[in-house]
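Novice:
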Amino acid sequence: MKKDIQISYEHFKNSSELNDIEKTLFERAIQARENAYAPYSNFLVGCAVLLENGEIYSGNNQENAAYPSGLCAERTTLFWVAANFPDMKVKKIFVVGGPKEFHEKNPPIPPCGACRQSLIEYETKQHEDIDLYFSSMNDEVVKVHSIKDLLPFYFDSTFL
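Residue numbers (UniProt numbering): 1 to 160.
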């Protein structure tokens, strides 16, 4: 039997369509991207996370000459937040990525598969959806209202 999966998302042609908190997250992710350590791929990613207490924290990707040892911006940021605020819910995550040499044709850059799995872990842990925004430096933004929209067949603790 064939079944279909549908996801809903919002598309913003530019950041002027975002509300104030979304614009702030976008700006913080861009700032974090500037400090990314990506000498091998030259693919810079910044991430900003809004917690339920209104605080915003950011991070970026960190590469390593032994490629598997590096971490993406989403995971460095989320792991730091979880280590320092273990009981605080994540409300929104904004990711901005792309090549160091920006090209305006770069589409919004979604999280990789490993990051999607890490993000779903925290969404299921807190029993509450997380709004996820992703963009490149071209000002175009995509928003999903749950990580499940990007990873419909996710693996979680119910399988263990």
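By construction, the Cβ of each residue, glycine as well, lies at the ideal position given by its N, Cα and C atoms. Being a predicted model, the structure only gives us computed values, none of them experimental.
(1) Do you know how far the Cα of serine 15 is from the Cα of phenylalanine 77?
(2) May I have the straight-line CA-CA distance separating lysine 33 from proline 68, to the nearest angstrom?
(3) My assumption, with CB atoms under 8 Å, is that isoleucine 120 sits in contact with leucine 151. Please give the rounded CB distance.
(4) Using DSSP with H/G/I as helix, E/B as strand and the rest coil, what is cysteine 115?
(5) If distances are taken between C-alpha atoms only, which option among Ser136, Val144, Lys92, Phe153 comes closest to residue 168?
(6) Measuring alpha carbon to alpha carbon, tell me which residue in Glu101, Glu123, Thr158 is nearest alanine 38.
(7) Roughly how far, in whole angstroms, is the beta-carbon of valine 45 from the beta-carbon of alanine 36, given that I think they are within contact range, below 8 Å?
(8) Spatial neighbours of asparagine 53 within its chain, please: C-beta separation below 7 Å, excluding the five flanking residues on both sides.
(9) Need the endpoints of the beta strand (DSSP E) that leucine 50 sits in, please.
(10) Check the DSSP bridge columns for glycine 98 and list the partner residues they point to.
(11) Using the beta-carbon count (16 or more within 10 Å), is proline 111 buried or exposed?
(12) Applying the 10 Å Cβ sphere with the 16-neighbour rule, what's the burial state of phenylalanine 134?
(13) Among Ser41, Ile30, Tyr122, Glu63, which one has its Cα closest to the Cα of isoleucine 147?
Specialist: On the basis of the supplied data:
(1) Residue identity check: residue 77 is threonine in the sequence provided, not phenylalanine. Straight-line Cα distance between these residues: approximately 22 Å.
(2) Per the sequence shown, residue 33 should be read as arginine rather than lysine. Approximately 20 Å between the Cα atoms of the pair.
(3) 5 Å
(4) helix
(5) Residue numbering for the chain in the displayed model covers 1 to 160; residue 168 lies beyond these limits and cannot be assessed.
(6) Glu101
(7) 6 Å
(8) Met88
(9) 43 to 51
(10) According to DSSP, which records beta bridges pairwise, glycine 98 is partnered with Leu44.
(11) buried
(12) By the neighbour-count rule (16 or more Cβ atoms within 10 Å), phenylalanine 134 is buried.
(13) Tyr122
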